[in-house]
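Peer 1: Whatever position you read off the sequence shown (first residue = 1), add 1 for the working numbering.
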Amino acid sequence: MSPTIAFLGATGGCANACLAYTLRSGYNAIALARTPAKLTALLLSQPGLTQDILDAHLRIIEGDARDVETVMKTLVVAADAHSTTLVSLIISGIGGTGEMVFTKPSPCEQIPMRVPTVPHISIPNPNITEQSTRALLGALARIAAERFGSFADYAAVAPRVTIISGAGIKKGVTDVPLLFRPLYAALDIPHKDKAQMERLLAEAQEKADNLLCGGVVIVRPSILGGDHKIAEAGADSGFTKLRVGTEKKPEIGYTVGRALIGEWIYREVVKGGGEKWVGEGVILTE
2 MSPTIAFLGA TGGCANACLA YTLRSGYNAI ALARTPAKLT ALLLSQPGLT
52 QDILDAHLRI IEGDARDVET VMKTLVVAAD AHSTTLVSLI ISGIGGTGEM
102 VFTKPSPCEQ IPMRVPTVPH ISIPNPNITE QSTRALLGAL ARIAAERFGS
152 FADYAAVAPR VTIISGAGIK KGVTDVPLLF RPLYAALDIP HKDKAQMERL
202 LAEAQEKADN LLCGGVVIVR PSILGGDHKI AEAGADSGFT KLRVGTEKKP
252 EIGYTVGRAL IGEWIYREVV KGGGEKWVGE GVILTE
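Next comes the structure, spelled out in structure tokens:
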């Protein structure tokens, strides 16, 4: 059976681009989506993807990435009374979609108006990545306990996890331009959520029953721009303009295209296996 890749948050621009490259290249994938029709429409808008390709290579699980049972279904390729086959890779692009906010409700209930506040990004669920990460770890724990005879059996096939985080999150790493620091300050709420995600994954790897023993790759892009659309097959996507850094040797940049992030993850993790980047905080910028 050929390897299968699981996608969480696949309607987001970066993950959707990676999924599109993955399917167009003939890999099999399982994607978790709250609205399957939305995911299907996004994929069919991608160059080179057809309904026949989706039917042959993609399974969509409808549900919420914060639900352990649903995540378990996304990670199991096949199972019977004697064996369980897991996905080889998990790629998560989960994150809240926010908007810039310049006002807040008046502290006085008798005054029905909004008052100025420090500009910041507001998202409907400010803890979405933390909650989905807890669900992912919970799903892996149940799979290891319920579907394998021993933890060693699970560890032998534990999937590699790649998460899309963000630049400016890791303290002590210089990956944010001086002129953009006020903008990053406005990202405080979603960045705290991403930081919690990274903390949970780091703690899980330190435990004796390391559920993430397949390894973790952290992708930290600069401010995201562009949409989910990938390049036509054979066309220049601008990939050569992408600059790649690490925590030890960071790259500093202003913005980066969502489709380029997806292409990097496809090239380096899906196609390349990702072993080179396990344990790294990979900084991507243009």
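Don't be surprised by glycine CBs; every beta carbon is placed ideally from N, CA and C.
Taking the alpha-carbon positions, what's the T75 to P160 distance?
Peer 2: Roughly 12 Å between the two C-alpha positions.
Peer 1: With contact counted as at least three CB pairs below 8 Å, one residue from each stretch, are the region 31 to 43 and the region 61 to 76 in contact?
Peer 2: The region 31 to 43, when compared against the region 61 to 76, does touch it at the 8 Å Cβ threshold.
Peer 1: For the candidate residues K230, G258 and K172, whose alpha-carbon lies nearest to that of K242?
Peer 2: Minimum Cα distance to K242 is reached at G258.
Peer 1: Please confirm if the region 7 to 19 is in contact with the region 33 to 42, defined as three or more CB-CB distances below 8 Å between the two stretches.
Peer 2: Counting Cβ pairs under 8 Å, three or more are found: they touch.
Peer 1: Quick one: Cα of P251 to Cα of V245, how far?
Peer 2: Each residue's Cα considered, the two are about 8 Å apart.
Peer 1: Tell me whether V158 sits in a helix, a strand or coil according to DSSP, three-state version.
Peer 2: Three-state DSSP puts V158 in coil, outside helix and strand.
Peer 1: Counting only runs that start and end within the region 207 to 284, where is the alpha helix (DSSP H) found for 4 or more residues in a row?
Peer 2: Those alpha helix (DSSP H) runs which fall completely within the region 207 to 284 and span 4+ residues are 259 to 266.
Peer 1: Roughly how many whole angstroms lie between the Cα atoms of D194 and S238?
Peer 2: When rounded, the distance between both Cα atoms is 31 Å.
Peer 1: In angstroms with no decimal places, state the Cα-to-Cα distance between S223 and K39.
Peer 2: Approximately 26 Å between the Cα atoms of the pair.
Peer 1: Taking only three categories from DSSP, how would you classify I61?
Peer 2: Three-state result, I61: strand.
Peer 1: Leaving out the 5 sequence neighbours to the left and right, which residues in its chain are closer than 6 Å to R60 when beta-carbon positions are compared?
Peer 2: These residues qualify, in order along the chain: I31.
Peer 1: So, at 6 Å on beta carbons, what are the nonlocal neighbours of E281 in its own chain, with the 5 sequence-adjacent residues on each side left out?
Peer 2: T247, listed in sequence order.
Peer 1: Assuming A6 and I92 form a contact by the criterion Cβ under 8 Å, report the distance between their Cβ atoms to the nearest whole angstrom.
Peer 2: The sequence as given places Ile at residue 6; Ala does not occur at that position. At roughly 6 Å, the Cβ-Cβ gap stays under 8 Å, so I6 and I92 are in contact.
Peer 1: Can you tell me whether N128 is helix, strand or coil according to DSSP?
Peer 2: If DSSP states are grouped into helix, strand and coil, N128 belongs with coil.
Peer 1: Do I253 and T175 count as a contact pair if the criterion is CB distance below 8 Å?
Peer 2: Yes, they are a contact pair.
Peer 1: Write down the C-beta distance between I292 and R221 rounded to the nearest angstrom, noting that I regard them as a contact closer than 8 Å.
Peer 2: With the chain covering 2 to 287 only, the question about residue 292 has no answer from this structure.
Peer 1: Roughly how many angstroms lie between the CA atoms of A18 and V158, to the nearest whole one?
Peer 2: So the two alpha carbons sit approximately 26 Å from each other.
Peer 1: Which one of R25, L141 and A142 has the shortest CA to CA distance from A57?
Peer 2: When only C-alpha atoms are compared, the closest one is R25.
Peer 1: Whose CA, out of F152, I164 and P178, lies closest to the CA of W265?
Peer 2: The shortest C-alpha separation from W265 is found at I164.
Peer 1: So what's A32 in DSSP terms, helix, strand or just coil?
Peer 2: DSSP places A32 in strand when its eight states are reduced to three.
Peer 1: Distance check for G150 and K171, CA to CA, integer angstroms please.
Peer 2: Approximately 38 Å, taken between the alpha carbons.
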